[in-house]
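S.K.: Here you go, one structure.
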Amino acid sequence: MTDPQTPGTPVTPPSPTAPPSTPPSTPPSTPPSPAAPTSPAESTLPAAESAPKPRRTRALLAAGGRASLALIATGAAAALALGVLFVPSPAIAPEPLAFAVTPDRSDQSLVCAGAALGLTRGDDPQVAGIALPLRRSAGAGLVESTIAESDALDGAATVVTLPREAPAEAVAASESVRPTTADVAGLAAAECLTPARTAWLVGGSTTVGRSTWIVLSNAGAVDATVSLRIMAENGPIEAPGTSGIIVAAGEQRVLPLSGIAVNVESPVIEVTSSGGSVAATLQHTIVRGLDPSGISIVTPVEAPATRHVIPALPVINGQAVLERSTADGGADALTALRMLAPGDTAAQVTLRLIPEGDGTGIALTTTLEPQTVLDLPFTDLLDGDYAVVVEASEPIVMSARTSSAGTSGLDLEWFTPAPAIEPGVDVLAAVAPVGTGATARLHLFAPEGEATVTVDGRTVVVPADSGLVLETPTNAAVQLSSTAPLHASVSYRGDSVLAGTRILPPPLAARPVTVLPY
Amino acid sequence: MQPRVIAILLARRGGEVLQQTLDALVAQSRRPDLLVVVDAAGDDATTAQLSAAGPTQVVSAGSSVALGELVHRALMAVPVVEPSNSPYGGVDEWLWLLRHDTTPDPRALERLLGAVEIAPSVAAAGPKQLEAEHPTVIAGFGETMTRYGASIALAERELDQAQHDRTSDVLAMGEAGLLVRRAAYHQVEGFDPALPTVDAALDLCVRIRLAGHRVVGVPQARVFVHEGTVLAGRPGAHPKVSQRGLARLRRRAQLHRRLTYAPALAVPLHWLSLLPLAIVRALGHLLRKRPTLVGAEFAAALSVAFSGSSVPNARRRLARGRTLGWAAIDPLRLPPDEVRQRRAIARDARLSAQEDSRPPRPAFAPGGALVVVLAALLGAGLLAPLIGAPALLGGAFAPIAADLPALLGALERTVEGAADPFAFVLALLGLTTFWQPSLSLVVLVIAALPLAALGGWWATAELVRRPGPAAVGAVLWALSPALIVAVTEGRLAAIVAHLTLPWLVVAAARAGRSWSAAGVAGLLGAIVAASAPSLVPALLIAWIAWMLVNPRQLGRLLTLPVPALALFTPLVIDQLVRGTPLGLLADPGLPAVAGASSPTGLLLGWPDLLVLLAPLEALLPGIGEATLLGLPLVGLVLALLMLPVVALALLGLALPDGRRGLVPLVLAALGLLSAWALSGVAVSVAGGQLVPLDVGPALSLMALGIVLAAAIGLDGLVARPGSVPGSSYAFVAGRGGASRGRRMLAAALATLAVLAAAVVAAPAASAVLTGTAAVRAGEPRTLPALVAAEAATDPGLGTLVITPLESGVAARLDRGTGVTLAEQRTMLSTAVLEGSGLPGTEGSTSATTDAEALAAIVANLVAPSGRDLTPELDALDVRFVLLDAPAGAAGTAVAALDGNAQLAPVGDTDVGRLYRVVADDESRAAATARPATTPVILGVQLSILALTLLLAVPTSLRPRRPRVDSGVDEGPAATFKAGDDDD
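As you go down the protein sequences, you meet chains P and A in turn. If you count by the numbering used here, then the first sequence holds residues 1 to 518, one letter each, in order. If you count by the numbering used here, then the second sequence holds residues 519 to 1501, one letter each, in order.
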């Protein structure tokens, strides 16, 4: 370790980038070390040419020993490297702690759409309920109440609440309304909704003779601030008054769409609430000429998705509808799909209309421009109940509109996609009372494989990718469960009336939450 | 009066030495009148040997009988001559005390008698003791005391140059060859039985002096001493006495004499001071790097404190024989000036011996200093966005602690388990900026590069002879991937381990030779082990191997893990009791999920290759990280860049003197193996995700080994001119310019190595500048400012932090301003091991009830629920709920929280959406009581650390030279052993 040269070595400052042992930094003429204690070979090697042979041999031997040491070390290093590369290291890992906790049941509230809305007669027309709804609620122990304040006179919606201490696990309710005023006539039905933060209302129109009311109901305990975003056939519509709409707890707001967007043929409204959640519905009525020509209550699509299924799109008296509707030039009696890709990219959409039974369906492909609503009409559909399956490359929202013609005119109905009912989940549904002269049909559609469905204890088989239609009594509760993903809805039909309700899976609250504590 | 000399020979063993003594007795020019032999050897050969000498009397005694008792028994055998009224005078009896190992000069007795005959007042006369093996060296000639009673030899281990030959009156003489008047001996009642060997003669002579007699040294009379007082007092054929034993005997004798000589009133005070003094002196021993003497100190104090009646007996004996006051002997004591001077000389001698043994190192300035300065500039430049920040966040960084009490409180064992050893490191770090503990983290991170360069220099310079290779080592160490990844990913523990490792290696290498280095190595080892518990197996292997290689230094090396043990023991016990020993491997600090290690990364020294690849990915968009990782090209390029360093490291072995590169290479292999073994292990979970062990410290160890070996290789290339033997020969161009060629080769390799390290490190090191690093400057809080403001007055305030994940909802409960590093405990983060069924863990699944209760609250918060959570939130003192998710990504949780009437939304903050619990809750849950053992554990831990620190601090490297201005013309001539004089 001791080297007598060290103290005298001239040192130039080394720098981190240029190594200090570059030639200038080493002594230009290092005198041979007089002391080479550890290695006798060193002192002899400078004179190796003339050194006596045994010393040279010894030096070479020592050098050879060192060289072999280095070689052995190199070999060991290489072996170690290969070992690290190719021998799998021991894997030890615990299972992360996770608790699946089922939240306590809350009061499950379903907010119904409420009365059919219209304007009061007189100089100062006001929004008012013009026909009271009929309601069917299912679930033992439920409590019905009315929203305290409403923009509409006598129009306050009903809240069906299943208190947490109620004996029943599930609750369902559906309403129908059948106004017969000079402005509004027809049958409308809607399932009562769980309030949500987002809702896409796909339907309505504000062209001449069409009126559209947006109904926002807050049945919760927290005020909600609602923003609306409206997109139409020509793209998004910027309008004042669409944000910061406060829906206080226990309040119902009724907004005319025409106050926001005038003369819009194909609106789609995104409802976003912060704070509390709201139930958003949309009432669409049509007056053709002087004849009331139908009413529909549009229930919302929860969120854009790449796949939507409408279990039932009934086409009834298609020829008559065509004739009647062309009389006033309005095309909105035709069966049509309204679709919107709300994202920033265009969506390729494949849609299939699958008739019940063994009729031939329609399959076609189209492109949705971003944020532009497309109404896609079908003029030559045969009568029948169709299931609509829409698959898109980007998330879209959609809905289907159809009309039925009867002796007393046309009735309009929007059919919103029904969310999937997961296998094994018990679903309670309510079939709305629709009064006399109308029947109800239960539509089941299994897009992902044959499903065995239990309907009120009756077992039916829904073939894969095909629809099944069951007659069902009105004003009844239906218990459903399926062995495969299933979409279900109810349609109500009679002379000149058509309506539909969806069967919704139970709200998420009933499901366990996985909590991962730190 | 006729002198009658009774020679008393105390024989504890026979053999050649005894024979010399017996022969010398026969050869005396003035033969003793009587020879009484005390046979304390207890073996027949010695008895026969003694009998053959023809003694007057033979007395047998047990081998363990003390000196005074032996003399007493001898005297019993020789009746006192009746006093006579003869006009010619009676017989004046003298005792001549000899041991088996004291061979008197043939004229010793004659000269002693000659001295006493002319001075009737002299009652004791001693000869000059010379070392038998070196007859020109004085073994002892006279003893005295300091003013405070410590015994001091007047001359000891000096070359006899007649410098003491004028000495006559002394306070005391050694018992070897001491001639004592029998009457005086009886008057003072002989030796003190409580002083078996050390100071026995001093005490005897003091009492003789106090009885009114004189004690003289007779330099012309000489005795050759073979063994010395202590050894000669030991039974057995080959007695040994350790330094420890000697210190204990000396201290014991001194304390006994102190109690004996003190005024009666002062005795209780002296007695009470025994233990405090022992503690103070023990600390002094630690400071003077003599920890082995600590035990002796206490043993001596305790044996004197509880010595029964020996002190009262001695005091009575002294009182009975005394005729003069203590002032009578004052002139014979050693003056304080001279005491000081002697001590200074001894200290100088010790230090110069130390300095001589220190190996030469390359000078730090200018080369090393320049590297450090450049590293400091580079570090400041690369981490410029962090300069001026009050705290660092991101990665595994968090504020160290809210304030000083929280920082120190983290050291305590709580009901949750023992504190992490890393808490002590954090406390040390945080105390440097005690007004804002988190600031020290910023300082450390910004200074990481220069500190690493300094450490790299220090370690390399220990092994090489030139500044050049040391500078290369410093650069390579500062640019290590392990350090850069640790900085960019915020792994504080890995940074600390990286910065400490080189100092540890240097200190451990010297630990066997010096207590100070052993103390330093122990403390540094504790820091490294605390920062990287996963490195402990490698460190243990290295430690055991080092002890096997250096068996003679075993004593000091064995103490190395003591500080680490002090820190780890409570945690080890807690983890073992819980049945989760694997949890000991857990990295301390914030468990944060970082990029996983890959075998290629391990080989290249990168704990997380993604840190390197992310900037590349930014350069080449379209190529995913996965693609880059899978590319063998990347690995190949990196391996090529690493090649010069590895080549240097291995080449070093082939060069002369290159075998010292073996130890670093073994360290490197150990590091790589640990990294490999740890790479698949995860023992803790953060937010539902497994946290793999950090392989960074293990890779730091590997890098250190390679850097040191490479520097040695470089040194070997540069240092010795001449043709190159062995494998490196082929690289040298031209035989004629061999030496020049080697230097060129060295320069080229060093340049390549440094350039390659810089190129490889550049993308990752600039991550903070470009903003791609996880680390960012931040405020010393992890919760929103509103919460922090309230927490300032209410530190118990709880905030429920909910993070929606794909697999569920992660939740934790923060107190005060949020997560801090100090409050982290591996006992908590490894709780998941309990009941996991992993090897080495025990117990069945027993989900902690706390976690379960929290989970119930969280589940009812993030989903619509009818539960009234207010009482439960109150019980946990939760005042805020923070949804830690970017807006829009929170899903249904926002709806549920927004819609919860028990919470009022505060708004979106920089760390997520904040809610306040509506209901007021002024009551705070009482802090959980600490286990009663907490202060004891902490006290013991801190004491061990403090004692090690005392041992470690270098004491008086450059002592003040004592000024010699006294007119003492007869000062001690040569070296003195360090005296035991004190207080």
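Glycine residues also receive a C-beta, built at the ideal position from the N, C-alpha and C atoms.
Compare the C-beta of residue 1434 of chain A against all C-beta atoms of chain P and say whether one is closer than 8 Å.
M.R.: Within the second sequence, the letter at position 916 stands for residue 1434 of chain A. Not closer than 8 Å to any Cβ of chain P, the Cβ of residue 1434 of chain A fails to qualify, so no.
S.K.: With a threshold of 8 Å between beta-carbons, can residue 1205 of chain A be considered close to chain P, or not?
M.R.: The residue you call residue 1205 of chain A lines up with position 687 of the second sequence. Yes, its Cβ sits closer than 8 Å to a Cβ of chain P.
S.K.: Any beta-carbon of chain P closer than 8 Å to the one on residue 1172 of chain A?
M.R.: The count along the second sequence starts at 1 and reaches residue 1172 of chain A at position 654. Yes, residue 1172 of chain A counts as interfacial toward chain P.
S.K.: Hey, would you say residue 267 of chain P sits closer than 8 Å to residue 257 of chain P, going by beta carbons?
M.R.: Along the first sequence, read from residue 1 onward, the residue named residue 267 of chain P stands at position 267. Along the first sequence, read from residue 1 onward, the residue named residue 257 of chain P stands at position 257. Yes, Cβ-Cβ distance for residue 267 of chain P and residue 257 of chain P is below 8 Å.
S.K.: I'd like to know whether the C-beta of residue 1385 of chain A is nearer than 8 Å to at least one C-beta of chain P.
M.R.: Mapped onto the second sequence, residue 1385 of chain A falls at position 867. Yes - at least one Cβ of chain P is within 8 Å of the one on residue 1385 of chain A.
S.K.: Nearest CA to the CA of residue 284 of chain P: which residue from P:486, P:331 and P:412?
M.R.: Numbered from its first residue, the first sequence carries residue 284 of chain P at position 284. Taking only the C-alpha atoms, the option nearest residue 284 of chain P is P:412.
S.K.: Under the assumption that residue 997 of chain A contacts residue 1279 of chain A (Cβ atoms under 8 Å), give the Cβ distance between them as a whole number of angstroms.
M.R.: For the purposes of this step, residue 997 of chain A is taken as residue 479 along the second sequence, with counting starting at 1. For the purposes of this step, residue 1279 of chain A is taken as residue 761 along the second sequence, with counting starting at 1. The Cβ separation is near 4 Å, so the contact holds.
S.K.: Would residue 1559 of chain A count as contacting chain P if we go by Cβ distances under 8 Å?
M.R.: Outside the modelled stretch of chain A, which goes from 519 to 1501, sits residue 1559 of chain A, for which no answer is possible.
S.K.: Rounded to whole angstroms, how far is the Cβ of residue 1172 of chain A from the Cβ of residue 70 of chain P, which I believe are closer than 8 Å?
M.R.: Along the second sequence, read from residue 1 onward, the residue named residue 1172 of chain A stands at position 654. Along the first sequence, read from residue 1 onward, the residue named residue 70 of chain P stands at position 70. That belief holds up - the Cβ atoms of residue 1172 of chain A and residue 70 of chain P are roughly 4 Å apart, short of 8 Å.
S.K.: Report all residues from its chain with a CB closer than 6 Å to the CB of residue 1023 of chain A; omit the five preceding and five following residues, and keep chain order.
M.R.: If you number the second sequence from 1, residue 1023 of chain A lands on position 505. Closer than 6 Å at Cβ, skipping near neighbours: 977.
S.K.: Among P:474, P:366, P:218 and P:305, which one has its Cα closest to the Cα of residue 149 of chain P?
M.R.: Against the first sequence, residue 149 of chain P aligns to sequence position 149. The candidate whose alpha carbon is nearest that of residue 149 of chain P is P:218.
S.K.: Going by other Cβ atoms of all chains shown within 10 Å of its Cβ, with 16 needed for buried, is residue 528 of chain A buried or exposed?
M.R.: Counting from one through the second sequence, the residue named residue 528 of chain A turns up at place 10. With 16 or more other Cβ atoms within 10 Å, it is buried.
S.K.: Name the two residues that bound the continuous alpha helix (DSSP H) containing residue 530 of chain A.
M.R.: Translated into the one-based positions of the second sequence, residue 530 of chain A becomes position 12. That residue, residue 530 of chain A, is in no alpha helix (DSSP H); it is neither H nor E in DSSP.
S.K.: Within 8 Å of any Cβ in chain B, is that where the Cβ of residue 304 of chain P sits?
M.R.: The chain inventory of the structure shown lacks chain B, comprising the protein chains P and A.
S.K.: Roughly how many whole angstroms lie between the Cα atoms of residue 1020 of chain A and residue 901 of chain A?
M.R.: As a first step, residue 1020 of chain A must be located in the second sequence, where it is residue number 502. As a first step, residue 901 of chain A must be located in the second sequence, where it is residue number 383. Roughly 23 Å between the two C-alpha positions.
S.K.: If you measure beta-carbon to beta-carbon, which residues of the segment 87-101 of chain P are closer than 7 Å to chain A?
M.R.: Answer set for the segment 87-101 of chain P: 89, 90, 91, 92, 93, 94, 95, 96, 97, 98, 99 and 101.
S.K.: Listing by chain order, which chain A residues have their CB less than 9 Å from the CB of residue 124 of chain P?
M.R.: Walking along the first sequence from the start, residue 124 of chain P turns up at place 124. By Cβ distance, chain A contributes nothing, its closest Cβ being about 36 Å from residue 124 of chain P, past 9 Å.
S.K.: Does the CB of residue 1324 of chain A have a neighbour CB from chain P at under 8 Å?
M.R.: Within the second sequence, numbered from 1, the residue matching residue 1324 of chain A stands at position 806. No, its Cβ sits nowhere closer than 8 Å to a Cβ of chain P.
S.K.: Could you tell me which uninterrupted beta strand (DSSP E) segments, each at least 3 residues in length, are contained entirely in the segment 175-203 of chain P, listed from first to last along the chain?
M.R.: Listed in chain order, they are 188-191 and 198-202.
S.K.: Taking 8 Å as the threshold (beta carbon to beta carbon), is residue 913 of chain A in contact with chain P?
M.R.: Taking the second sequence and counting its residues from 1, the one referred to as residue 913 of chain A is at position 395. So no, residue 913 of chain A is outside the interface.
S.K.: Would you say residue 1194 of chain A reaches chain P, if we count a Cβ-Cβ gap shorter than 8 Å as a contact?
M.R.: Numbered from 1 along the second sequence, position 676 holds the residue referred to as residue 1194 of chain A. It does; some Cβ of chain P falls within 8 Å.
S.K.: Please report whether the beta-carbon of residue 1197 of chain A lies at a distance below 8 Å from any beta-carbon of chain P.
M.R.: By one-based count along the second sequence, residue 1197 of chain A stands at place 679. By this cut-off, residue 1197 of chain A is an interface position.
S.K.: With three or more C-beta pairs closer than 8 Å as the rule, is the segment 463-470 of chain P touching the segment 440-455 of chain P?
M.R.: Cβ pair count under 8 Å is three or more, so yes.
S.K.: Compare the Cα-Cα distances from residue 1085 of chain A to each of A:943, A:719 and A:894 and report the closest residue.
M.R.: The residue you call residue 1085 of chain A lines up with position 567 of the second sequence. Nearest option by C-alpha distance: A:943.
S.K.: Would you verify that the beta carbon of residue 342 of chain P is, or is not, closer than 8 Å to some beta carbon of chain A?
M.R.: Numbered from its first residue, the first sequence carries residue 342 of chain P at position 342. Answer no: the Cβ-Cβ gap between residue 342 of chain P and chain A never drops below 8 Å.
S.K.: Which residues in the same chain have their Cβ closer than 8 Å to the Cβ of residue 195 of chain P, if we skip the five residues on either side of it in sequence?
M.R.: Taking the first sequence and counting its residues from 1, one reaches residue 195 of chain P at position 195. Here the set comprises 109, 111, 217, 218, 219, 220, 276, 277, 278 and 279.
S.K.: Starting from the C-beta of residue 369 of chain P, find all residues in its chain whose C-beta is less than 6 Å away, skip the five residues before and the five after it, and write them out in chain order.
M.R.: Within the first sequence, numbered from 1, the residue matching residue 369 of chain P stands at position 369. Within the same chain, residue 369 of chain P has close Cβ partners 346.
S.K.: Please list the terminal residues of the continuous alpha helix (DSSP H) segment that includes residue 1192 of chain A.
M.R.: As a first step, residue 1192 of chain A is located in the second sequence; it is residue number 674 there, counting from the start. Here the alpha helix (DSSP H) through residue 1192 of chain A covers 1180-1196.
S.K.: Is the segment 478-490 of chain P close to the segment 582-595 of chain A, with three or more CB pairs under 8 Å?
M.R.: The segment 478-490 of chain P vs the segment 582-595 of chain A: no contact.
S.K.: Is it true that the CB of residue 1102 of chain A sits closer than 8 Å to the CB of residue 1055 of chain A?
M.R.: Residue numbering aside, residue 1055 of chain A sits at position 537 when the second sequence is read from its first letter. Residue numbering aside, residue 1102 of chain A sits at position 584 when the second sequence is read from its first letter. Not in contact: residue 1055 of chain A and residue 1102 of chain A (Cβ atoms no closer than 8 Å).
S.K.: So, for residue 161 of chain P: in the same chain, excluding its five sequence neighbours on each side, which residues have a beta-carbon less than 6 Å away from its beta-carbon?
M.R.: Residue numbering aside, residue 161 of chain P sits at position 161 when the first sequence is read from its first letter. 107, 109 and 143, listed in sequence order.
S.K.: What is the DSSP secondary structure of residue 1006 of chain A, counted as helix, strand or coil?
M.R.: Here the question's residue 1006 of chain A lines up with position 488 in the second sequence. Note: residue 1006 of chain A maps to helix in three-state DSSP.
S.K.: Are the C-beta of residue 1417 of chain A and some C-beta of chain P separated by less than 8 Å?
M.R.: Walking along the second sequence from the start, residue 1417 of chain A turns up at place 899. By this cut-off, residue 1417 of chain A is an interface position.
S.K.: Give me the Cα-Cα distance between residue 1385 of chain A and residue 371 of chain P, rounded to the nearest whole angstrom.
M.R.: Locating residue 1385 of chain A in the second sequence gives position 867, where the first residue counts as 1. Locating residue 371 of chain P in the first sequence gives position 371, where the first residue counts as 1. So the two alpha carbons sit approximately 41 Å from each other.
S.K.: Can you round the beta-carbon distance between residue 669 of chain A and residue 717 of chain A to whole angstroms, since I take them to be within the 8 Å contact cut?
M.R.: Counted from its first residue, the second sequence places residue 669 of chain A at position 151. Counted from its first residue, the second sequence places residue 717 of chain A at position 199. Indeed, because the Cβ distance is near 5 Å, the residues count as touching under 8 Å.
S.K.: For chain A, check one thing: does any of its Cβ atoms lie closer than 8 Å to the Cβ of residue 107 of chain P?
M.R.: Within the first sequence, the letter at position 107 stands for residue 107 of chain P. So, interface residue.
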